[in-house]
Amino acid sequence: MSQAGGETEFVVEAATIQEMLTRLGDAHPALRPLLAKSVSVVVDGQLYRGAWQKPLREGAEIYLLPPMQGG
Amino acid sequence: MRFEAPATVEAAIKLLGGEPGLAKVLAGGSDLIVQMKSGRIEPALVVDIKRIAGMTAINAEAGGFRIGAGVPCFALESHKELKAAWPGVVEAARLIGSTQVQGRATIVGNLCNGSPAADSVPALVAASATVRIVGAKGSREVAVLDIPTGPGKTALAKDDIVESVFLPARPSRSGDAYLRFIPRTEMDIAVVSAGVFLTLDAGGTITAARVALGAVAPTVLLVEAAAKAIIGSKLDAKALDALAAAASAACKPIDDKRGTVEYRTKVAGVLARRAAETAYARAKGAK
Amino acid sequence: MAHDGKPVAAGRKFDSVGTRPLRPDGIDKVTGRARYGADMNMPGQLIGKVLRSPHAHALIKSIDTSAAEKLPGVRAVITARDLPDLTGGDQGQMDTLVNTMARERTLYDGHAVAAVAASSASIAQAALKLIEVVYEVLPHVTDVDEAMKPDAPLVNGGVITNGVTPKPTKKSNVLIRHEFGHGNIAKGFADADIVVERSFKTEATHQGYIEPHACVANLGADGTGDMWVCTQGHYNVRAVCAAMLGLEQSKLRITASEIGGGFGGKTMLFIEPLAFALSRKANRPVKMVMSREEVFRATGPTASSSMWMKVGAKKDGRVTAAHAVIKFQGGPFGGSLVDMGAMACFACYDLPNVKTEGYDVFCNRPRAAAYRAPSAPIVTFATESVMQEIADKLGLDPVDMRLKNAAKEGTKSSYGPTYGPIGLKATLEAVKETPHWKTPVAPGKHRGRGVACGFWFNFGGNTSVSMAINADGTVALAYGNPDIGGSRASMSLMAAEELGIPYEKVRCIVADTASLGYNDTTDGSRVTFAAGLSTINAARNAIKVMCARAAKTWGISEDAVTWEKGHAKPAGANAGKFEPLSMAQIAATAQNTGGPIAGHFETFADSAGVSFGTHIADVEVDEETGKVTVLRYTVLQDAGKAIHPSYVEGQYQGGAAQGIGWALNEEYIYGKDGRLQNAGFLDYRIPVASDLPMIETVILEIPNPGHPYGVRGVGETPIVPPLGAIANAIAAATGVRMGDIPMSPPKLLKALEGRAR
Amino acid sequence: MSHVHVTTTINGDPTEFLCEADETLLDALRDRLNLTGTKEGCGSGDCGACSVTIDGRLVCSCLTLAAEAQGRSIGTIEGMAKGDKLHPLQQKFLDHAALQCGVCTPGFLVAADALLKHNPDPTETEIRYWLAGNLCRCTGYDKIVKAVTEAAADLRRA
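Residue numbers (the working numbering), protein chains in the order written: chain A, 8 to 78; chain B, 18 to 304; chain C, 5 to 761; chain D, 3 to 160.
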């Protein structure tokens, strides 16, 4: 993520996906347009294109991936 | 555009000759209508010849067969005698497009469209077929080989109508075959093709041969060197190799979306060899 | 929320699900009564047609439409001037606007330049010829490698590449660089006993749906309008048209016609905004139908690619490192979906060290659209080729080698996340049990067998379903996804299952945008999963209402009523003794118990669950012509739960057939002039019936915990493995490893000759 | 613009229409007679979606001028079922799920019907080659071939 100065891993305190994205944006304002634009969020192996109220467990594995589409 | 469907050849010739703009003959329409719809041609007049008596008949003549210009390719298959005598020609006609297209397309149309890749033309040339042309000045019989003059071009005058194609009596101990290469099993235009006709003596030695190639030059090629390569042989491996080499040597193809010069040249030899093997087997009496 | 949290009942016995009833729309479709895009006419309609650029890249100096406007019968002519920029700086919307109608420059052969609406098709056609466009032709580029060269013509003005550090200062055709992976590949390669490194190129293909795009638009001066359109996503048609034309979504009602195939190609819009714009200008309905040539030149084919891949392994076949550099062009705006390719590339395998880099590159070609598991077939061709080459060099069985590396539950995927329960190993193990695998390749010259695996993400998404219980106890079910391959049957089956009634009692319709809440497009293998999940939950909600009505009728408490096989029953002896009430009985008295009965459900369905498959292909190669014949083909795939097995098999077979076509003959051919050479089904060669064998199928059912019945999407994965499976079979037959797709006869013959030397 | 007057028979019904001289039979069927079961997939004879019969012979209606229909007998998908009874081919297509999107289906049915009239007992290879001019992008042809094979068997027993 070049917008975050090359950093690729972040640790954030958050209870939901929504909160996680907000906190991430607060910590790295340069990421905000990217986060707002639609990212796919993978929580513990499960892909979430929406459902941002999804509660996160302590130590959850989260990946932010580009927006995805199918045929 | 005007559409006419005259009942006589004379009326058709008059219509074609009298039209100042572009006038086209409609037989099967499988080339003509595609060209019209794509905007490549905009005829002022289309003359449907299928209502002319005799145009849709296959008749025995002088030991051979005269096929009307309006006979769809599909109908050739059900003519048992024709199929037995000239299986290569019938197979070629049955390779043009789909079953649906063969329900309309005619071998005369295939010839008059002037495509170097026309499927029926190498088979007709190998079979020494002729066409009867009727024009304002009367009718004449011309070798199929002499009709195409370049891609999309023919030796026909504006008010000429090809009335029929004639397949001569097939000599005994002779056979024909046609093969084409396409990437799929059906529905493609020939990338390269070969028609072979040959005659044997009682011992199985080839006494006469005609080898015609399609899609490797601006018009169909009759390759005498390829015929010479097998005349006098029993189509042994050496003769087949010589045939393939002569066929490849005669090619003057182009690179296009369907194939390369290199590919067409190589495969022309392969197909000539395979077609010759089939024709040889047929000449020996194989079904 | 995914579903109500109830786990999939292991070994649950289904009554309706898993049976093979006739599809509800079947009779209409075998009698010619079903109405597709071009089958609708509106009163007083005009015919719209589009003028398209003959140049791959050109400045539009001027457009003179005056002669066309004067032609009797012409009612409207539009150019980009009629589609003002309302995007507010949104780049995605801008790209769609520019793609819909060229503005100051044309960006590919076939790019729309102007459109007319006239009283007949022939007048509209004649009017197009009267429009005078003055072009200044610009240099163009259509090949991805050429486009990345420093001196390449800049497409669409070029761009400063994103995702590269330090940020470049000079514009190029590279929009963005993506990177995925984990571990340390340098260390992994150092640990390897064998390393295989190869380059690949693949040409663009087209979805090749048989029905060309078609729509009829009616838009009044007050901004109220309707459209009939063949699309995979009518809600998206509404959103895009409303934004582009400055309209309110509520004023546009979009009705999806029957759809004659899409495969991703009908997720994008092309003629629809033009039809609305023409209709508004002419104040008449406007019908537009694309020609097949337009479909090829000006809709959304796939990306074309250039790839490099390096994989290292130990002698026992365990992969130690994998690295790929993937370059996709997807037209003049980016959006080649190379990121999905980079993510899917090694997703089948459990790799300690992996890195994929993706470059999204501009070219003067049509803007790429999704095509069935977009990008995955391309990258999987490379991966499965290299994996097989390693197996061959090590003398390992192809299935065992893949099993040794196969991703499983707990594997950290090559794109990051850790997998839950997945079915790749199951498909590989099942391969060994197939009649196909147990039988050697039928004897013959130059024959060989290939195997390949494939992965796809699968998606869910926004979904609304509404179920009404009719007065006679039958069910009207409305969902919002065009039925592209039998989904009415699947929805009806799931509704019947949950309600406990016969399948025939459910009538399923695809609702228009004004009649049902929002639904995402029919894509990403999402419908049976997401609309199915919503149907089941809508049924559960209807059941709740019906139980409450029964409770009212009996004068007992609601929780004392249970639902069983289409009937409300007292939950136990304590609840009281009442004869069960059928749906018909409950519905008949509904007006006395509280009014009409319905159940609905709206959700953003996540938890779709990734999908895996393995294919086996036997081929024969004519070594004198380079022609490949597919002799035998088997598809194995995890469906989670097959709702209607016939249509699951159909997805497997159809996807495999498309993949075989891609592998062997399908390609976009551009001339030096940048024009598409084969814009028709004659020379864009999709497989015909005589090209294919029967396609055997094996449905595995490893339930998806994210769906009440365990469903996984099945539609896309089947197109992923064929390119690799066929390439591997060709290699087995001939010893030649093909790096170029399609593996068409001229290319294969050349490779065979190279081998001889 | 001068129009051509055509008198013809369609699915047994006497029919008259006016068409442009260069109009295809496909366009006349769809746009003038509202017989939209016949589909246009390519307009060039490459996909078979527009298959009809003319005097019993299978053709592409996109490669036929409407004016040529004068005095002929045209058969389309709309004429295939007899009353409320589906033709065995139609029934087998449903039974075997031999259609997904269904847009190629009318063309396949008309073409398969012509096949079984020509050859009541075709082999798998004969079915595949006869139907090679009908493109289907959804099914991979497997279920279509099975449906035609079974319909042929039913018709032979009938």
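All C-beta atoms, glycine included, are put in the ideal place defined by N, C-alpha and C.
In terms of residues, what are the limits of the alpha helix (DSSP H) holding residue 33 of chain B?
By 1-based counting over the second sequence, the position of residue 33 of chain B is 16. Element bounds for residue 33 of chain B: 26 to 35.
Given residue 217 of chain B, which residues of its chain have a CB within under 8 Å of its CB, disregarding the five upstream and five downstream residues?
Position 200 of the second sequence, counted from the first residue, corresponds to residue 217 of chain B. 190, 191, 223, 224, 297, 300 and 301.
Quick one: any contact between the stretch 451 to 471 of chain C and the stretch 516 to 528 of chain C, if contact means 3 or more CB pairs under 8 Å?
The answer is yes - the stretch 516 to 528 of chain C touches the stretch 451 to 471 of chain C, with three or more Cβ pairs under 8 Å.
What's the gap between the Cα of residue 24 of chain D and the Cα of residue 33 of chain D?
Within the fourth sequence, the letter at position 22 stands for residue 24 of chain D. Within the fourth sequence, the letter at position 31 stands for residue 33 of chain D. So the two alpha carbons sit approximately 14 Å from each other.
How about the stretch 91 to 104 of chain D and the stretch 48 to 68 of chain D: do they share at least three Cβ pairs that are nearer than 8 Å?
no
For the structure I just gave you, are there three or more beta carbon pairs, one from the stretch 735 to 744 of chain C and one from the stretch 434 to 454 of chain C, closer than 8 Å?
The stretch 434 to 454 of chain C and the stretch 735 to 744 of chain C touch, with three or more beta-carbon pairs separated by less than 8 Å.
For residue 415 of chain C, collect the residues of the same chain with a Cβ closer than 6 Å to its Cβ; drop the 5 residues on either side in sequence, then sort them by chain order.
Locating residue 415 of chain C in the third sequence gives position 411, counting from the first residue. Non-local C-beta neighbours of residue 415 of chain C in its own chain, meaning closer than 6 Å and more than five positions away in sequence, comprise 354 and 423, ordered along the chain.
Please confirm if residue 276 of chain B has its CB atom under 8 Å from at least one CB of chain C.
Along the second sequence, one-based indexing puts residue 276 of chain B at 259. Chain C, which has a Cβ nearer than 8 Å to the Cβ of residue 276 of chain B, makes this yes.
With a 10 Å radius around its C-beta and 16 neighbouring C-beta atoms as the bar for buried, classify residue 662 of chain C as buried or exposed.
For the purposes of this step, residue 662 of chain C is taken as the residue at position 658 of the third sequence. Answer is buried; the Cβ neighbour count reaches 16.
How close, in whole Å, do the beta carbons of residue 289 of chain C and residue 49 of chain C come, if the pair is a contact with beta carbons under 8 Å?
Against the third sequence, residue 289 of chain C aligns to sequence position 285. Against the third sequence, residue 49 of chain C aligns to sequence position 45. The Cβ separation is near 4 Å, so the contact holds.
Is residue 67 of chain B buried or exposed, if buried means 16 or more other CB atoms sit within 10 Å of its CB?
As a first step, residue 67 of chain B must be located in the second sequence, where it is residue number 50. Buried is the call here.
What are the residues of the stretch 742 to 753 of chain C that lie near chain A, defined by any Cβ-Cβ distance shorter than 8 Å?
Taking 8 Å as the Cβ-Cβ cut-off against chain A, none of the residues of the stretch 742 to 753 of chain C qualify.
Output, in chain order, the set of chain B residues within a Cβ distance shorter than 7 Å of residue 681 of chain C.
Start at 1 with the first residue of the third sequence, and residue 681 of chain C comes out as number 677. Correct list: 274.
Can you tell me which of C:322, C:330 and C:464 puts its alpha carbon nearest to the alpha carbon of residue 404 of chain C?
Mapped onto the third sequence, residue 404 of chain C falls at position 400. Of the listed residues, the one whose Cα sits closest to residue 404 of chain C is C:322.
Can residue 717 of chain C and residue 431 of chain C be called in contact, C-beta distance under 8 Å?
The sequence position of residue 717 of chain C within the third sequence is 713, counting from 1. The sequence position of residue 431 of chain C within the third sequence is 427, counting from 1. No; because the gap between Cβ atoms is not below 8 Å, this pair is not in contact.
Just checking my contact of residue 9 of chain D with residue 73 of chain D at CB under 8 Å: how many whole Å lie between their CB atoms?
The sequence position of residue 9 of chain D within the fourth sequence is 7, counting from 1. The sequence position of residue 73 of chain D within the fourth sequence is 71, counting from 1. So it is a contact: roughly 7 Å between Cβ atoms.
What is the rounded straight-line gap between the Cα of residue 54 of chain B and the Cα of residue 171 of chain B?
Translated into the one-based positions of the second sequence, residue 54 of chain B becomes position 37. Translated into the one-based positions of the second sequence, residue 171 of chain B becomes position 154. C-alpha separation (whole angstroms): 22 Å.
According to a CB-to-CB cut-off of less than 8 Å, which residues of the stretch 100 to 115 of chain D neighbour chain C?
101, 102, 103, 104, 105, 106, 107, 108 and 111
8 Å is my cut-off, CB to CB: does residue 48 of chain D come that close to chain C?
The residue you call residue 48 of chain D lines up with position 46 of the fourth sequence. Contact with chain C is found for residue 48 of chain D, since one of that chain's Cβ atoms lies less than 8 Å from the residue's Cβ.
Examine the ligand FAD and report whether any of its heavy atoms sits within less than 7 Å of the Cβ of residue 94 of chain B.
This structure lacks the ligand FAD, and indeed carries no ligand of any kind.
Could you check whether the Cβ of residue 44 of chain D sits closer than 8 Å to any Cβ belonging to chain F?
Chain labels in this structure do not include chain F; the protein chains are A, B, C and D.
Got a sec, what are the start and stop residues for the alpha helix (DSSP H) residue 537 of chain C sits in?
Walking along the third sequence from the start, residue 537 of chain C turns up at place 533. 536 to 558 is the extent of the alpha helix (DSSP H) around residue 537 of chain C.
May I ask you to list, following chain order, the residues of the stretch 664 to 697 of chain C that have a beta carbon less than 7 Å from some beta carbon of chain D?
684, 685, 686, 690, 692, 693, 694 and 696
Is the distance from the Cβ of residue 103 of chain B to the Cβ of residue 196 of chain B below 8 Å?
Residue numbering aside, residue 103 of chain B sits at position 86 when the second sequence is read from its first letter. Residue numbering aside, residue 196 of chain B sits at position 179 when the second sequence is read from its first letter. Their beta carbons are not under 8 Å apart, which means residue 103 of chain B does not touch residue 196 of chain B by this criterion.
Hey, residue 83 of chain C and residue 100 of chain C are a contact pair by Cβ (cut 8 Å); roughly how many whole angstroms apart?
Taking the third sequence and counting its residues from 1, one reaches residue 83 of chain C at position 79. Taking the third sequence and counting its residues from 1, one reaches residue 100 of chain C at position 96. That pair is no contact at about 17 Å.
Can the beta-carbon of residue 732 of chain C be found closer than 8 Å to that of residue 418 of chain C?
Here residue 732 of chain C corresponds to residue number 728 of the third sequence, with the count starting at 1. Here residue 418 of chain C corresponds to residue number 414 of the third sequence, with the count starting at 1. Not in contact: residue 732 of chain C and residue 418 of chain C (Cβ atoms no closer than 8 Å).
In chain C, which residues lie less than 8 Å from residue 49 of chain A when you measure between Cβ atoms?
On the first sequence, residue 49 of chain A is found 42 positions in, with the first residue counted as 1. Correct list: 420 and 421.
What does the alpha-carbon distance come out to for the pair residue 306 of chain C and residue 180 of chain B?
For this step, residue 306 of chain C is matched to residue 302 along the third sequence. For this step, residue 180 of chain B is matched to residue 163 along the second sequence. C-alpha separation (whole angstroms): 48 Å.
Which residues in the same chain as residue 8 of chain C place their Cβ atom closer than 6 Å to its Cβ, once the five residues preceding and following it in sequence are excluded?
On the third sequence, residue 8 of chain C is found 4 positions in, with the first residue counted as 1. Caution is warranted here: a pLDDT of 41 is assigned to residue 8 of chain C, below 50, making its placement in the model unreliable, and the coordinate value is therefore given only provisionally. Cβ neighbours of residue 8 of chain C beyond the five flanking positions: none.
If you draw a straight line from the alpha carbon of residue 371 of chain C to that of residue 487 of chain C, how long is it in whole angstroms?
The residue given as residue 371 of chain C occupies position 367 in the third sequence. The residue given as residue 487 of chain C occupies position 483 in the third sequence. If you take the alpha carbons of residue 371 of chain C and residue 487 of chain C, they lie about 25 Å apart.
Is residue 196 of chain C helix, strand or coil when you go by DSSP?
Indexing the third sequence from 1 puts residue 196 of chain C at position 192. Residue state, collapsed to three classes: coil.
Whole beta strand (DSSP E) runs in the stretch 343 to 423 of chain C with 3 or more residues, listed along the chain?
358 to 365
Under 8 Å between the Cβ atoms of residue 145 of chain C and residue 368 of chain C?
Counting from 1 along the third sequence, the entry for residue 145 of chain C is found at position 141. Counting from 1 along the third sequence, the entry for residue 368 of chain C is found at position 364. In contact: residue 145 of chain C and residue 368 of chain C (Cβ atoms closer than 8 Å).
Quick check on this structure: which residue in B:188, B:23, B:133 and B:209 has the alpha carbon closest to the alpha carbon of residue 81 of chain B?
Indexing the second sequence from 1 puts residue 81 of chain B at position 64. Checking every option, the nearest Cα to that of residue 81 of chain B belongs to B:188.
Buried or exposed for residue 10 of chain C, please, with buried defined as at least 16 other CB atoms from any protein chain shown within 10 angstroms of its CB.
Against the third sequence, residue 10 of chain C aligns to sequence position 6. Residue placement at residue 10 of chain C is poorly supported in this model, since its pLDDT is 47, which falls under 50; the coordinates still yield a value, given next. Classification for residue 10 of chain C: exposed.
Can you tell me whether DSSP reads residue 691 of chain C as helix, strand or coil?
Translated into positions along the third sequence, residue 691 of chain C becomes position 687. DSSP places residue 691 of chain C in coil when its eight states are reduced to three.
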